[in-house]
Amino acid sequence: MIAREGYASTSPRQVAQRAGCTTGTVTYCFANKDELVAAVTRSRFDGFDAMLEPGRDGPGIRAVLERWLSRATGDPEFWPVMSQLLVHARYEPAFAAVIEQRHARHRDPLASLLTAGQAQGTVRDDIPADLLADQLAAIADGWMTMFPIAPTRFTGGRVQALLDAAITSITPLPGGARGAGA
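Shown next, in the form of structure tokens:
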């Protein structure tokens with residue numbers, strides 16, 4: 514509903530109609546629109562949880578960025594919903610807190626991956642891992658924001674170049690120096 518109608522126009526009654534149930538059912542599950550939207554916000558972030566789930570060797574940083582980008586490009590409702598939620602989160606503390614918490618939940622494992630890479634010498638160590646994680650998250654968020662607006666900038670070859678550039682930005686400096694902190 515939010516993707517089609519926008520946040521302001523979405524009501525529990527419309528959600529009930531779309532779900533094929535009564536408004537009473539929706540209001541039984543959610544006390545108000547804020548609770549309903551907070552649940553939608555959590556469900557939108559659930560897809561990101563899978564991106565960071567550790568596999569046998571854990572996901573590589575490039576794989577995480579690829580998954581982040583494919584999340585935006587593979588779900589036509591993702592961007593309309595997330596953009597509505599982000600705009601209204603500034604004024605709705607109920608789901609602003611959810612967004613902040615879930616974003617941190619994804620940034621922290623990314624920082625751990627970067628810390629491990631720094632220890633192995635595959636990630637530059639002149640910038641703290643948590644700052645690199647913030648930068649990579651901001652880059653990926655920017656890609657997700659711009660994809661629906663300028664999809665031609667996200668063709669196969671260009672996506673690979675964007676991923677390469679992001680990885681280059683965290684790669685140790687040439688010449689054997691791992692960074693200013695080495």
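Position one of the sequence shown corresponds to residue 514 (this note's numbering), numbered consecutively onward. Built from N, CA and C at the ideal position, the CB exists for glycine as well.
Kindly indicate which residue of Asp643, Trp656 and Leu676 has the alpha-carbon position closest to the one of Thr586. As a working mapping, residue 586 is identified with position 73 in the sequence shown. Nearest C-alpha to Thr586: Trp656.
Please report the residue range of the alpha helix (DSSP H) in which Ala585 lies. In the sequence shown, the residue the question calls residue 585 occupies position 72. Taken as a continuous stretch (DSSP letters only), the alpha helix (DSSP H) holding Ala585 covers Ile574 to Gly587.
Limits of the alpha helix (DSSP H) - the one that Ile683 falls within: On the sequence shown, residue 683 is found 170 positions in, with the first residue counted as 1. Gly669 to Ile683 is the extent of the alpha helix (DSSP H) around Ile683.
According to DSSP, simplified to helix, strand and coil, what is Ala532? Within the sequence shown, numbered from 1, the residue matching residue 532 stands at position 19. If DSSP states are grouped into helix, strand and coil, Ala532 belongs with the helices.
Can you tell me whether Pro606 is buried or exposed? The criterion is at least 16 other CB atoms within 10 Å of its CB, across all chains shown. By one-based count along the sequence shown, residue 606 stands at place 93. Classification for Pro606: exposed.
Cα-Cα, which of Cys534, Gly533, Ala551 and Arg575 is closest to Leu598? Looking up residue 598 in the sequence shown gives position 85. Nearest neighbour of Leu598 by Cα position, chosen from Cys534, Gly533, Ala551 and Arg575, turns out to be Ala551.
Extract the residue ranges of the alpha helix (DSSP H) inside the segment 536-562, only unbroken runs of 4 or more that lie entirely within it. If one requires a minimum length of 4 residues, the alpha helix (DSSP H) runs lying completely within the segment 536-562 are 536-542, in chain order.
Would you kindly work out how many angstroms separate the C-alpha atoms of Thr658 and Val594, rounded to a whole number? Looking up residue 658 in the sequence shown gives position 145. Looking up residue 594 in the sequence shown gives position 81. For Thr658 and Val594, the gap between their C-alpha atoms comes out near 11 Å.
Pick helix, strand or coil for Thr628, following the three-state DSSP scheme. The residue labelled residue 628 in the question sits at position 115 within the sequence shown. Residue state, collapsed to three classes: helix.
Quick check on Gly630: buried or exposed, where buried means 16 or more other Cβ atoms within 10 Å of its Cβ? Position 117 of the sequence shown, counting from 1, holds the residue named residue 630. Per the 10 Å Cβ criterion, buried.
Could you check whether Val672 and Leu582 sit closer than 8 Å to each other, using their CB atoms as the reference points? Reading the sequence shown from its first residue, position 69 is the one you call residue 582. Reading the sequence shown from its first residue, position 159 is the one you call residue 672. Judged by their CB atoms, Leu582 and Val672 are nearer to each other than the 8 Å cut-off.
Among residues of its own chain, excluding the 5 on either side of Thr628, which ones have a beta-carbon nearer than 7 Å to its beta-carbon? To locate residue 628, count along the sequence shown from 1; it is residue 115. The residues are Ala642.
Looking at the unbroken alpha helix (DSSP H) that takes in Thr658, where does it start and where does it end? Taking the first residue of the sequence shown as 1, we reach residue 658 at position 145. Note, Thr658: alpha helix (DSSP H), Ala642 to Met659.
Less than 8 Å between the beta carbons of Thr536 and Ala529, yes or no? Residue 536 sits at position 23 when you count from the first residue of the sequence shown. Residue 529 sits at position 16 when you count from the first residue of the sequence shown. The answer is yes: Cβ separation under 8 Å.
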